[in-house]
Amino acid sequence: KAGVTQTPRYLIKTRGQQVTLSCSPISGHRSVSWYQQTPGQGLQFLFEYFSETQRNKGNFPGRFSGRQFSNSRSEMNVSTLELGDSALYLCASSYRWDYTEAFFGQGTRLTVV
Amino acid sequence: AQSVTQLDSHVSVSEGTPVLLRCNYSSSYSPSLFWYVQHPNKGLQLLLKYTSAATLVKGINGFEAEFKKSETSFHLTKPSAHMSDAAEYFCVVSDRDGGSQGNLIFGKGTKLSVKP
Chain A
1 KAGVTQTPRY
11 LIKTRGQQVT
21 LSCSPISGHR
31 SVSWYQQTPG
41 QGLQFLFEYF
51 SETQRNKGNF
61 PGRFSGRQFS
71 NSRSEMNVST
81 LELGDSALYL
91 CASSYRWDYT
101 EAFFGQGTRL
111 TVV
Chain B
114 AQSVTQLDSH
124 VSVSEGTPVL
134 LRCNYSSSYS
144 PSLFWYVQHP
154 NKGLQLLLKY
164 TSAATLVKGI
174 NGFEAEFKKS
184 ETSFHLTKPS
194 AHMSDAAEYF
204 CVVSDRDGGS
214 QGNLIFGKGT
224 KLSVKP
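Those sequence lines, one after another, are chains A and B.
Using this note's numbering, you'd call the opening residue of the first sequence number 1 and step up by one each time.
Using this note's numbering, you'd call the opening residue of the second sequence number 114 and step up by one each time.
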């Protein structure tokens, strides 16, 4: 069974640009969540989608958005990039929303210059 | 609200000696608790999980953890460290508040170094 796939693995963007990251969950998983990992703040929850609906959202500005498609694949978008958005963005998939088991992708390393 | 505290930011052990990574949690509900490991430049891998079944949970690579409700602890142990265990370890609680949807709350992480 294929794991969680995140694309691209690495990205370099300029301040002010926007970026879209993609996550393909494990087949059959309907819940996808996104996390931001930085050395200073650690791992922070961004948002969670289940069956195409955003179920929960972390404390991030509106520049961070996401969506989930009918095949459970998810995208997250960051607009008007800031230097502080440089981070490893991790996607996790789970069969159910209550996280009896969540599987993580390898992440997308975003660098904003 | 749930929270997780990893008591040590860095632990160093010699190869072949026991490993103890400490984690305390607070939760208003019956928590689901997890330990994840992250090797450099990699994503997170689930080591083990507690979901209100047996209090002693066995995971992959010889790791285990014991859920102690009275102490609100979920410490990770391994009898004998291997060089390949060097990584960062995260204690995680699932935040479930009644009817709301869940998200994972991560501890700050413990970096494990293993000396030859």
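We treat Cβ as the ideally placed atom computed from N, Cα and C, and that holds for glycine.
For clarity, every value in this text was computed on a predicted model and none was experimentally measured.
For residue i, three-class secondary structure by DSSP
{"i": "residue 121(B)", "result": "coil"}
{"i": "residue 84(A)", "result": "helix"}
{"i": "residue 143(B)", "result": "coil"}
{"i": "residue 66(A)", "result": "strand"}
{"i": "residue 173(B)", "result": "helix"}
{"i": "residue 212(B)", "result": "Since pLDDT at residue 212(B) reaches only 39, below the 50 mark, its modelled position is unreliable, and no value is offered."}
{"i": "residue 51(A)", "result": "coil"}
{"i": "residue 183(B)", "result": "coil"}
{"i": "residue 207(B)", "result": "strand"}
{"i": "residue 93(A)", "result": "strand"}
{"i": "residue 197(B)", "result": "helix"}
{"i": "residue 4(A)", "result": "coil"}
{"i": "residue 56(A)", "result": "strand"}
{"i": "residue 42(A)", "result": "strand"}
{"i": "residue 190(B)", "result": "strand"}
{"i": "residue 106(A)", "result": "coil"}
{"i": "residue 223(B)", "result": "strand"}
{"i": "residue 79(A)", "result": "coil"}
{"i": "residue 178(B)", "result": "strand"}
{"i": "residue 168(B)", "result": "coil"}
{"i": "residue 116(B)", "result": "strand"}
Proximity to residue i [Cα-Cα], best of the options
{"i": "residue 14(A)", "options": "79(A), 75(A), 7(A)", "result": "79(A)"}
{"i": "residue 74(A)", "options": "82(A), 84(A), 85(A), 89(A)", "result": "89(A)"}
{"i": "residue 59(A)", "options": "68(A), 70(A), 47(A), 82(A)", "result": "47(A)"}
{"i": "residue 111(A)", "options": "4(A), 8(A), 3(A), 28(A)", "result": "8(A)"}
{"i": "residue 39(A)", "options": "229(B), 224(B), 114(B)", "result": "224(B)"}
{"i": "residue 165(B)", "options": "114(B), 216(B), 218(B), 206(B)", "result": "206(B)"}
{"i": "residue 130(B)", "options": "204(B), 196(B), 200(B)", "result": "196(B)"}
{"i": "residue 71(A)", "options": "64(A), 65(A), 49(A)", "result": "49(A)"}
{"i": "residue 31(A)", "options": "113(A), 91(A), 18(A)", "result": "91(A)"}
{"i": "residue 161(B)", "options": "151(B), 153(B), 173(B), 152(B)", "result": "173(B)"}
{"i": "residue 21(A)", "options": "101(A), 94(A), 95(A), 87(A)", "result": "87(A)"}
{"i": "residue 61(A)", "options": "5(A), 85(A), 68(A)", "result": "85(A)"}
{"i": "residue 163(B)", "options": "155(B), 216(B), 188(B), 124(B)", "result": "188(B)"}
{"i": "residue 218(B)", "options": "105(A), 42(A), 77(A)", "result": "42(A)"}
{"i": "residue 132(B)", "options": "221(B), 183(B), 201(B), 114(B)", "result": "201(B)"}
Listed by chain order, chain B residues near residue i by CB distance under 8 Å
{"i": "residue 106(A)", "result": "155, 156"}
{"i": "residue 103(A)", "result": "159"}
{"i": "residue 33(A)", "result": "216, 217"}
Neighbouring residues, chain A, relative to residue i (Cβ below 7 Å)
{"i": "residue 219(B)", "result": "42, 43"}
{"i": "residue 137(B)", "result": "By Cβ distance, chain A contributes nothing, its closest Cβ being about 16 Å from residue 137(B), past 7 Å."}
{"i": "residue 162(B)", "result": "101"}
9 Å Cβ cut-off: residues of chain B touching residue i
{"i": "residue 75(A)", "result": "Per Cβ cutoff of 9 Å: no residues; residue 75(A) is ~18 Å from chain B at best."}
{"i": "residue 90(A)", "result": "156, 157"}
Residues that residue i contacts on chain A, provided the C-beta gap is smaller than 8 Å
{"i": "residue 203(B)", "result": "43"}
{"i": "residue 129(B)", "result": "Here the premise fails: no neighbours, minimum Cβ distance about 30 Å."}
{"i": "residue 181(B)", "result": "Here the premise fails: no neighbours, minimum Cβ distance about 21 Å."}
Cβ distance (whole Å) where residue i is taken to contact residue j below 8 Å
{"i": "residue 231(B)", "j": "residue 157(B)", "result": "Because chain B in this structure spans residues 114 to 229, residue 231(B) falls outside the shown range and cannot be described."}
{"i": "residue 134(B)", "j": "residue 124(B)", "result": "6 Å"}
{"i": "residue 116(B)", "j": "residue 139(B)", "result": "5 Å"}
Listed by chain order, chain A residues near residue i by CB distance under 9 Å
{"i": "residue 222(B)", "result": "42, 43"}
Inset, instruction - Please specify which runs of the beta strand (DSSP E), each continuous and at least 3 residues long, are wholly inside the region 6-30 of chain A, giving them in chain order. - result: 10-13, 19-24
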